[in-house]
């Protein structure tokens, strides 16, 4: 604690103190009818100037922009130029009674004067004859204060009532009379009369503080004019004799008995104490408006200055709260318009800056005071009439403060610390402590609990394996994090991670595998066998600390830039941070990094697709573990391909603005979770920004990709196919080397059915290119057959042939699963170049050698020498060229063709021909002795897992790929259109079988 | 309606309740369960906090074990809906349109899950008013009763059940009465 500076200022008796608006001077008045002017930057040995004009004791002093004023018991209010002791003039005088309090409005235009008269005078400082008289009090008025906006005036009467006046217009009217908060003191000579009973407005203007008659400090909300919070401390039981608020509204100073207490406004706890003059009662306290300085005067006539009451490392009492250290109470931004609207200069550009973002609500204030504007201190340095530079013009985009996904600010003494797909953490404020209630959606897996929290946790996270809480540092304890795994029934699994003093926790994330069985059962078969997951802590030291679920510190990663938020999944954590600054045109420039828990590998690092002027509202993990985000513009994005390093990208899954239910309604959505087909959210009506209590039910919105095609039949199917494709790919990426599973196959069959519906519609509309494109996307050979039959049904013979060709390429090329495996291998090869060891430094086991000769003998698809391995298009072009060449050269083919033509000319009936058509495939391979049936296709076969499921396993083993045969079959077919009707029947049957 | 025992030949309300219990309702499960096959079909899987549609009997069962919250159907959750129906019921001669088994479903849900419904008491009294208004109308229908047909659209299962024994008997008697004067013109009734 730094040294205090004590000066004897006045005779023992009532005293008063006020700082000048620039904080350089302090004025004190006392019962010796003197006012002394102290320089705050000088020590105890200074000789202050004295103003001697008062005839009786000075009861109050205050400072305006260019003047300071004093009121005394001789019923005069005197005005002096700032810093001078030469009388400038009388402002007003009460009729023979003592002046009790003076207050100049924030703009320095009007002064309110209270005296033992029943009326309050409001005097224009420029023209002191312009007096408004406010009369509603029934006894003398002891104190008067201004609302920070200058539109409200609060007066505290000696009858115990506080009257709030609306003085924004010429005619002042009573806004509210609040009875029963402050004590009634009738005797002006009693010591209680000197106690501070003023209503001290918070800089946000949302509430004021007052010392109540029950010896507590209470806050009165401006909205309801009722008591919202109380400030109590076990060691401060006497009456509060003086109250003052720091310039930015973070700290509150009060005096109780001989002690001076400094409270945190947000946590409502005493942070620091100091002792005043023994056996004297402090009468008035004041925070310096520009310095870290607290000063008070007492009944002994002493002036005590306490430089640096707020130690280094804590938020400054003067500077507006920075985003990172935002611990302000739940307040809205103070209204700025008044400052500019009546100014005669430069009310233009800078003042309008807010309107570009839709008024003052364009940004969502998750942490409360985080985005608060600078508290208004006109006259200190923001005088609009100054040199023309009204406001700093650079970086006008407010940086989004750090937030916990799923948390809300404290409202009506309740808040959510976390609300996600696992459960809910609710906090109830009981003034001296919090009650934390943890509830789970799935009560069969985890058991809910509640506990009393003396640390006042302000961060919370519910992971799959445990609940995590974090609290800010306070007087007697540093910042700490406690992890409570679910798997244990006692507290033996809990651990606490204590941060060094001076550091605070910015964010928390708890991840872990989804439990396969109930975590309620604490036996060894229960949850803890699978571990307690992983914990990530973001600290103000600019790092991410990874701790294992049992409390083992694993690594501390540095974080480039400012931390914003994070969420943990099963195997990785998504951290959102701001590497640089926000841009001048409104972008938050946030970047998401996906870090795996396994080896802290960065899987993805992508900027967030948030439109300009919008902020991130929520981050989460989908059921599949894909990172998802929701922003204030109403878009839901997930990261696709997030398991392929550096190949992830954000896909827009839902635009909540176009939802049907939103049309014509004023509602917003508060994200909770995202699964494959549903977006889980809470629906907020009107301008509500956070869900309230009791806990609303989670609503499910169907996920629709924002496709713009409005076709009523095709568009929904197309959208569904595209979305399903995304999820199948995500699921396939999650699989191991197998790359296919019965479940995935089933989903692909479903996808093929939808595609067939589209193909049918396209056939009907005669859109051949569309049919072909859709056919190419089919996954299974038999679906291509079905497509062919559909085309046949609509008598699109040319199309049918093309579909046949597609089928052929498909048979040649790799199946989707193989393709995916191929691609994954290629990606792996690309990355191996970096990981390749140097020669002679490779101590790994020798690489496994493939021995195709020893592999299981299996049916092999036979290929001709003309078949290209996978480039289907190229293959066909080549074939077309070869076709003409081979026709002329191959006598074998020619003979065959002749035979077939003979068949046709002999005039068999359709039935027989159809069979012949089918037989061509089966018979002809025997006539191809050139091919080596044991030949393997290069690059594909040796890598194939012999145990992998093969979609074409039930096909005939010997299958001809000879182009001639196909051509001939097709040509044969051309002559037989009349038999199509039978095929159509088949196709319809096939399609119905598939689709229904 | 108060009828002597021999006339009460129709199904009891309890049996109707049983029939209505097959209808699907939405629940928010509090436990997780795999998809389970029952005789009437397979329901689930239950994955909290996602909603799920299951039959009312199953929902009742789970609710009594505190394993789910029942999401009341649209027409039961909004007091304005029932209020509007009641207004229409009292101002217009015909029956207003309500779900066919609204009485049974509402009763079951209000019995087991009144804590999941907002303004349960208000809804209870509205339902009672509705029932009385509709009962009065079906009594009025008695005046219009003739031997051949009775058209009461939008009558619900519980109400049909209520009037059935008496109306059928009455119509039988009326047929007898009508049949005699015009016995040769109209060969036979069905009774």
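Protein chains in written order, with our numbering: chain B, 1128 to 2123; chain R, 2 to 192. Backbone N, C-alpha and C fix where the C-beta goes; we use that ideal spot for every residue, glycine too.
Using the three-state DSSP reduction, which class does residue i fall into: helix, strand or coil?
| i | result |
| --- | --- |
| residue 195 (chain R) | Because chain R spans 2 through 192 in this model, residue 195 (chain R) falls outside it and cannot be assessed. |
| residue 1890 (chain B) | helix |
| residue 1753 (chain B) | coil |
| residue 1806 (chain B) | strand |
| residue 1670 (chain B) | strand |
| residue 1847 (chain B) | helix |
| residue 2077 (chain B) | Because the pLDDT of residue 2077 (chain B) is 47, which lies under 50, any placement of that residue in the model is unreliable, and the number read from its coordinates should be weighed accordingly. In this structure, residue 2077 (chain B) counts as coil in the three-state DSSP scheme. |
| residue 172 (chain R) | helix |
| residue 1162 (chain B) | strand |
| residue 1547 (chain B) | coil |
| residue 1496 (chain B) | Unreliable placement is indicated for residue 1496 (chain B), whose pLDDT of 42 sits below 50; no coordinate value is reported for it. |
| residue 18 (chain R) | helix |
| residue 1873 (chain B) | helix |
| residue 1254 (chain B) | coil |
| residue 1896 (chain B) | helix |
| residue 121 (chain R) | helix |
| residue 1486 (chain B) | Legend: pLDDT at residue 1486 (chain B) = 39, less than 50; position of this residue unreliable, value from coordinates given subsequently. It is helical. |
| residue 88 (chain R) | helix |
| residue 1282 (chain B) | strand |
Could you check which residue in the options has the C-alpha nearest to that of residue i?
| i | options | result |
| --- | --- | --- |
| residue 1810 (chain B) | B:1793, B:1802 and B:1801 | B:1793 |
| residue 1842 (chain B) | B:1885, B:1131 and B:1864 | B:1885 |
| residue 1315 (chain B) | B:1243, B:1535, B:1304 and B:1919 | B:1243 |
| residue 1212 (chain B) | B:1162, B:1715 and B:1857 | B:1162 |
| residue 1408 (chain B) | B:1398, B:1396 and B:1423 | B:1423 |
| residue 49 (chain R) | R:125, R:117 and R:70 | R:70 |
| residue 74 (chain R) | R:67, R:111, R:40 and R:166 | R:111 |
| residue 1619 (chain B) | B:1780, B:1609 and B:1852 | B:1609 |
| residue 1349 (chain B) | B:1333, B:1434 and B:1285 | B:1333 |
| residue 1705 (chain B) | B:1733, B:1805 and B:1586 | B:1733 |
| residue 1855 (chain B) | B:1668, B:1894, B:1900 and B:1753 | B:1753 |
Within a Cβ cutoff of 8 Å, which residues of the same chain sit near residue i, ignoring the five residues on either side of it in sequence?
| i | result |
| --- | --- |
| residue 1114 (chain B) | A query on residue 1114 (chain B) cannot be resolved here, the shown segment of chain B reaching from 1128 to 2123 and no further. |
| residue 1374 (chain B) | 1330, 1414, 1415, 1416, 1417, 1444, 1445, 1502 and 1504 |
Which whole-angstrom value is the C-beta distance of residue i and residue j, which I expect to be below 8 Å?
| i | j | result |
| --- | --- | --- |
| residue 1178 (chain B) | residue 1199 (chain B) | Not really, about 11 Å apart at Cβ, beyond 8 Å. |
| residue 1069 (chain B) | residue 1385 (chain B) | As shown, chain B starts at 1128 and ends at 2123. That puts residue 1069 (chain B) outside it, with no answer to give. |
| residue 1432 (chain B) | residue 1132 (chain B) | 4 Å |
| residue 1918 (chain B) | residue 1930 (chain B) | 6 Å |
| residue 1202 (chain B) | residue 1230 (chain B) | That pair is no contact at about 18 Å. |
| residue 1859 (chain B) | residue 1866 (chain B) | 6 Å |
Which same chain residues end up closer than 7 Å to residue i when comparing Cβ atoms and leaving out the 5 residues on each side of it in sequence?
| i | result |
| --- | --- |
| residue 2127 (chain B) | Given that chain B is displayed from residue 1128 to residue 2123, the structure contains no residue 2127 (chain B) and the question cannot be resolved. |
| residue 43 (chain R) | 36 and 37 |
| residue 1576 (chain B) | 1565 |
Tell me which residues share the same chain as residue i and place their Cβ nearer than 6 Å to its Cβ, disregarding the 5 neighbours each side in the sequence.
| i | result |
| --- | --- |
| residue 1228 (chain B) | 1187, 1241, 1270 and 1271 |
| residue 81 (chain R) | none |
| residue 32 (chain R) | 68 |
| residue 1677 (chain B) | 1659 |
| residue 1548 (chain B) | 1800 |
| residue 1324 (chain B) | 1269, 1270, 1283 and 1309 |
Between residue i and the ligand ADP, is there a pair consisting of the residue's CB and a ligand heavy atom that are separated by less than 7 Å?
| i | result |
| --- | --- |
| residue 1395 (chain B) | The ligand ADP is not part of the structure shown, which contains no ligands of any sort. |
So that I know if they touch, is there some Cβ in chain A lying closer than 8 Å to that of residue i?
| i | result |
| --- | --- |
| residue 1558 (chain B) | Within the model displayed, chain A is absent; protein chains B and R are what it includes. |
Three-pair Cβ contact test at 8 Å for the region 1832-1844 of chain B versus the region 59-76 of chain R:
With the rule of 3 Cβ pairs closer than 8 Å, the region 1832-1844 of chain B does not count as touching the region 59-76 of chain R.
Examine the Cβ distances between the region 1625-1639 of chain B and the region 1583-1594 of chain B and report whether three or more of them are shorter than 8 Å.
Yes, since at least three Cβ pairs between the region 1625-1639 of chain B and the region 1583-1594 of chain B fall closer than 8 Å, the two stretches touch.
Pairing CB atoms from the region 1729-1743 of chain B with CB atoms from the region 1545-1560 of chain B, are three or more of them under 8 Å?
As far as the Cβ criterion goes, the region 1729-1743 of chain B does not touch the region 1545-1560 of chain B, which means the pair count is below three.
Is there contact here, the region 76-92 of chain R with the region 143-152 of chain R, by at least three beta-carbon pairs under 8 Å?
Touching, no.
Report yes or no: do three or more beta-carbon pairs, one from the region 1532-1550 of chain B and one from the region 1798-1809 of chain B, lie closer than 8 Å?
Touching, yes.
On the three-pair Cβ rule with 8 Å, is the region 10-23 of chain R touching the region 91-106 of chain R?
Counting Cβ pairs under 8 Å, three or more are found: they touch.
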